[in-house]
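Student: The UniProt record's numbering numbers the first residue of the sequence shown as 1 and each following residue consecutively.
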Amino acid sequence: MGWRARNVKRIFIRGYFMPVIAVKPKARLLVPYSYCFRFTDQEDQGIRALTEWAERHQIEVLHKKFIRWL
Numbered sequence: 001m002g003w004r005a006r007n008v009k010r011i012f013i014r015g016y017f018m019p020v021i022a023v024k025p026k027a028r029l030l031v032p033y034s035y036c037f038r039f040t041d042q043e044d045q046g047i048r049a050l051t052e053w054a055e056r057h058q059i060e061v062l063h064k065k066f067i068r069w070l
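#1: Can you look up R14 in the DSSP assignment and give me helix, strand or coil?
#2: Distance check for D41 and R10, CA to CA, integer angstroms please.
#3: Does the beta carbon of G15 fall short of 6 Å from some heavy atom of the ligand GDP?
#4: Tell me whether residue 72 sits in a helix, a strand or coil according to DSSP, three-state version.
#5: For R4, name the three-state secondary structure that DSSP assigns.
#6: Taking Q40 as part of the alpha helix (DSSP H), name the residues at either end of that continuous run.
Take a look at the structure:
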């Protein structure tokens with residue numbers, strides 16, 4: 001998808017089994033639907049890598065519900 005760290009405000013993770021990840025851009029009030037995804041395989045490794053990337057770029061990662069917009 002090619003997100004740049006400077007354009008990402010926050011990352012949301014919703015759910016425990018088959019979690020949904022949402023990337024909230026700085027310029028948007030709500031998360032665009034196209035910025036939501038699931039890892040199809042190896043969810044734990046994918047979420048761990050995403051969390052490490054977010055920490056390196058000082059992006060907040062929240063485990064809570066979020067609102068998406070079409």
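Don't be surprised by glycine CBs; every beta carbon is placed ideally from N, CA and C.
Tutor: By the coordinates alone:
#1: Strand at R14.
#2: When rounded, the distance between both Cα atoms is 23 Å.
#3: For the structure depicted, the ligand GDP is absent and the ligand set is empty, with no information on it obtainable.
#4: Residue numbering for the chain in the displayed model covers 1 to 70; residue 72 lies beyond these limits and cannot be assessed.
#5: The DSSP-derived three-state label of R4 is coil.
#6: Rather than Gln, the amino acid found at residue 40 in this sequence is Thr. Note, T40: premise wrong, no alpha helix (DSSP H); not H, not E.
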